[in-house]
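Just so we're aligned: the sequence shown equals residues 1414 to 1727 in this note's numbering.
Even glycine gets a Cβ: it sits at the ideal position worked out from N, Cα and C.
Here is the structure we will look at.
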Amino acid sequence: MWTNGMIDVTNRNLSAVADVRDENNDVQDFDWFGQDPCAPLPPDDGLSTVEVNEIQVDLPEEIIQVLYQEVNPLLESATISTFTSDENDQKARNPFKEQKTIYFENDKGTPYLYKGKEQLTFDTAITILLLDVDTSKICTKRPNGIEENACFVIDRSRLRNQEDWLITDIGTFENHRGSARLYKTEDGEIKYSAKIKGREKNTAKLGRDEYLVKRVYYRHKKYTDFSRITTTITDHTGCELQLGLVEYRFQDQEHHVSPHKNPRSGKSFVPVAPYTRKSILEKAKGHKGPTTIFDEEVEASGGIFKCDVMADMP
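Following this line, the structure appears as structure tokens:
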């Protein structure tokens, strides 16, 4: 059964006035007042109630055990999802872990997480990237030239530079919007989560075992029916974890994708990778000439014939 309602956390008293729906989805009146002995005293931040999205109970008369954790002040306007301590609860599971690993362009360095379209929730994303990682489906290099519905997990620490993880040769994507959700975890389980709004995702102060999951939605500059969705996780130190998730998705049918053209030259525009641009600027401060700098950067990228991503070239 599932219930929706409000929980009052003032002075450790938890009260709920809610409706419970049974297996036939019929509403049963359900008023409950109690106290969670495990809950720490709420901080004095003026927060008295938080909205509970879904609480699962096996029987109407069962006392709901809310795994209440210290409410972060930034969650005042957020929605908190809480979970019951059910014996049947299991640790988060990666839904793609049992699937056979296949590789983009038969390259062992670029395995798919999956092919096709999936609706990945924030809960699923943090499970894939943190709570139940499938090491057989982690890319050690950037998948380049994606023209299909697909998703990849990339180990950014294995790249020449982590900032380059989204740079490929299919052109520029424009940032359209973003969203974030805060998670509290314990022993591989999600204890609570909250949607973070607006600028809060840039100023959130996380405690140990708290993570901020950020999702950014991009649209291709030339083909507006082609999108890229990225998911990253920040820990309590303020650093992003090494694994990042990137989804490529067409609105309708898959088709060829190419960079937009430069309005002046008419040539395809391929952005230079951030690391390459930074390296050139640093070397330009010294005594090396343009030709030497160019040759060094070409060699560092693997050379004209061995370079995996042309955007790495100067």
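Quick one: residues in its chain with C-beta nearer than 6 angstroms to the C-beta of residue i, no 5 flanking neighbours on either side, listed in chain order?
| i | result |
| --- | --- |
| residue 1567 | 1552, 1578 and 1657 |
| residue 1659 | 1565 and 1643 |
| residue 1547 | 1507 and 1510 |
| residue 1374 | There is simply no residue 1374 to check, as the chain begins at 1414 and stops at 1727 in what is shown. |
| residue 1647 | 1625 and 1653 |
| residue 1570 | 1655 |
| residue 1628 | 1592 and 1644 |
| residue 1533 | none |
Keeping to the same chain, check which residues put their C-beta closer than 7 angstroms to that of residue i; ignore five residues upstream and five downstream.
| i | result |
| --- | --- |
| residue 1663 | 1562, 1638 and 1639 |
| residue 1622 | 1597, 1598 and 1599 |
| residue 1521 | none |
| residue 1530 | 1562 and 1662 |
| residue 1636 | 1670 |
| residue 1649 | 1619, 1620, 1621 and 1623 |
| residue 1665 | 1638 |
Looking at residue i: is its Cβ nearer than 7 angstroms to the Cβ of residue j?
| i | j | result |
| --- | --- | --- |
| residue 1514 | residue 1550 | yes |
| residue 1539 | residue 1626 | yes |
| residue 1595 | residue 1607 | yes |
| residue 1544 | residue 1591 | no |
| residue 1517 | residue 1525 | yes |
| residue 1609 | residue 1593 | yes |
With distances taken from CA atoms, which of the options is nearest residue i?
| i | options | result |
| --- | --- | --- |
| residue 1634 | 1624, 1653, 1583 and 1506 | 1583 |
| residue 1651 | 1629, 1628 and 1624 | 1624 |
| residue 1576 | 1505, 1645, 1519 and 1605 | 1645 |
| residue 1505 | 1532, 1605, 1649 and 1537 | 1537 |
I'd like the list of long-range same chain contacts for residue i, defined as Cβ closer than 8 angstroms, with 5 residues on each side in sequence excluded.
| i | result |
| --- | --- |
| residue 1631 | 1586, 1587, 1588, 1589, 1640, 1641, 1642 and 1643 |
| residue 1560 | 1583, 1667, 1668, 1669 and 1670 |
| residue 1512 | 1527 |
| residue 1519 | none |
Go ahead and pull the three-state DSSP assignment for residue i.
| i | result |
| --- | --- |
| residue 1564 | strand |
| residue 1517 | helix |
| residue 1538 | helix |
| residue 1623 | strand |
| residue 1544 | helix |
| residue 1467 | Only weak support exists for where residue 1467 lies, its pLDDT of 39 falling under 50; the value from the coordinates is given anyway. Reduced to three states, the DSSP call for residue 1467 is strand. |
| residue 1628 | strand |
| residue 1510 | coil |
| residue 1671 | coil |
| residue 1610 | coil |
| residue 1594 | strand |
| residue 1602 | strand |
| residue 1576 | helix |
| residue 1528 | strand |
| residue 1569 | helix |
| residue 1665 | coil |
Should residue i be flagged as near chain D, meaning a C-beta pair shorter than 7 angstroms?
| i | result |
| --- | --- |
| residue 1545 | In the structure shown, chain D does not exist; there is a single protein chain. |
Worksheet item: Which whole runs of the beta strand (DSSP E) in the region 1631-1662 are 3 residues long or more, in chain order?
Response: 1639-1647
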